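Residue numbers (the working numbering): 16 to 277.
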């Protein structure tokens with residue numbers, strides 16, 4: 016589906032009334048690659064968007080916007096975990112809600128993060144003590160030039176703090192078409208941050224964690240459907256233990272969170 020000179024207002028969370036030369040909805044890997052190649056062949060700038068929560072248009076876009084709307088959720092399980100294969104165009108928060116409704120825990124700390132599932136690996140989204148890499152099994156990637164689809168394991172994604180290979184080697188000419196999630200059946204709540212630290216670890220439920228995270232987010236930020244915004248985004252500085260100790264000596268109340276790497 017293509018719309019010429021259509022406003023981008025409803026396709027970004029900021030709701031800026033910029034326009035694009037073309038806006039095309041792709042619902043399959045084949046159509047995404049086809050529309051991308053058509054735009055490239057006519058020398059148009061191309062931008063692939065999920066839900067536009069990481070983009071702020073300051074002016075009209077003189078090229079083609081491809082909306083990745085590859086949908087679908089498939090669930091399998093074994094004795095230890097649930098496995099979810101999720102289309103890149105699925106809304107992330109709705110995925111979190113859906114998993115809880117199906118009795119599957121593990122995503123609740125990541126509630127109300129704006130955007131699509133396919134955007135989650137790019138910056139290794141994280142909130143309230145959990146990052147995407149904790150639940151990632153694999154990421155399916157489309158080479159837009161060749162139409163080849165290949166799968167990267169979580170290790171191959173080279174996840175770091177708000178970091179991944181998708182910001183580097185697979186940034187241009189590639190698109191994420193699906194993510195694979197692994198949710199452990201033995202739930203271990205992560206309650207180290209904010210109001211979560213007040214919840215009783217022995218009796219807390221995944222739904223209570225979800226509700227608490229949603230409450231904290233809603234008290235910090237306006238509803239993007241009412242007031243345009245991009246959610247809560249920041250990057251904490253990572254310092255050595257020695258530097259952290261020096262800072263703590265000067266600012267004893269400064270919040271600090273030890274990294275797994277030390």
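Built from N, CA and C at the ideal position, the CB exists for glycine as well.
For clarity, every value in this text was computed on a predicted model and none was experimentally measured.
Short Cβ contact (8 Å threshold) for residue i with residue j
i, j, result
"residue 137", "residue 181", "yes"
"residue 157", "residue 47", "yes"
"residue 198", "residue 96", "yes"
"residue 164", "residue 192", "yes"
"residue 102", "residue 90", "no"
"residue 243", "residue 29", "yes"
"residue 98", "residue 152", "yes"
"residue 178", "residue 131", "no"
Alpha carbon of residue i to alpha carbon of residue j, nearest angstrom
i, j, result
"residue 169", "residue 121", "16 Å"
"residue 161", "residue 56", "14 Å"
"residue 222", "residue 143", "15 Å"
"residue 154", "residue 264", "43 Å"
"residue 240", "residue 257", "44 Å"
"residue 69", "residue 134", "9 Å"
"residue 21", "residue 38", "7 Å"
"residue 4", "residue 195", "Residue 4 lies beyond the range of the chain shown here (16 to 277); nothing can be said about it."
"residue 43", "residue 189", "14 Å"
"residue 167", "residue 52", "23 Å"
"residue 111", "residue 26", "21 Å"
"residue 123", "residue 229", "9 Å"
"residue 81", "residue 269", "43 Å"
"residue 206", "residue 119", "18 Å"
"residue 115", "residue 58", "45 Å"
"residue 209", "residue 61", "40 Å"
"residue 34", "residue 64", "14 Å"
"residue 255", "residue 224", "31 Å"
Span of the alpha helix (DSSP H) around residue i
i, result
"residue 151", "From DSSP, residue 151 is part of no alpha helix (DSSP H) but of the beta strand (DSSP E) over 151-158."
Buried/exposed call for residue i, threshold 16 Cβ in 10 Å
i, result
"residue 79", "buried"
"residue 227", "buried"
"residue 71", "exposed"
"residue 41", "buried"
"residue 104", "buried"
"residue 201", "exposed"
"residue 185", "buried"
"residue 363", "Since the displayed the chain opens at 16 and closes at 277, residue 363 lies outside it and no answer follows."
"residue 231", "buried"
Start-to-end residues for the beta strand (DSSP E) that takes in residue i
i, result
"residue 56", "It is not in any beta strand (DSSP E) - residue 56 instead sits in the alpha helix (DSSP H) that spans 44-56."
"residue 130", "Run containing residue 130: none; DSSP gives neither H nor E here."
"residue 37", "35-41"
"residue 191", "189-199"
"residue 164", "164-168"
Q | Complete runs of the alpha helix (DSSP H) confined to the stretch 227-277 [at least 4 residues] | A | Runs of the alpha helix (DSSP H) inside the stretch 227-277: 256-265.
Q | Whole beta strand (DSSP E) elements within the stretch 54-115, 3-residue minimum | A | DSSP assignment within the stretch 54-115 yields the following whole beta strand (DSSP E) runs of 3 residues or more, N-terminal first: 61-64, 76-83, 88-92 and 96-102.
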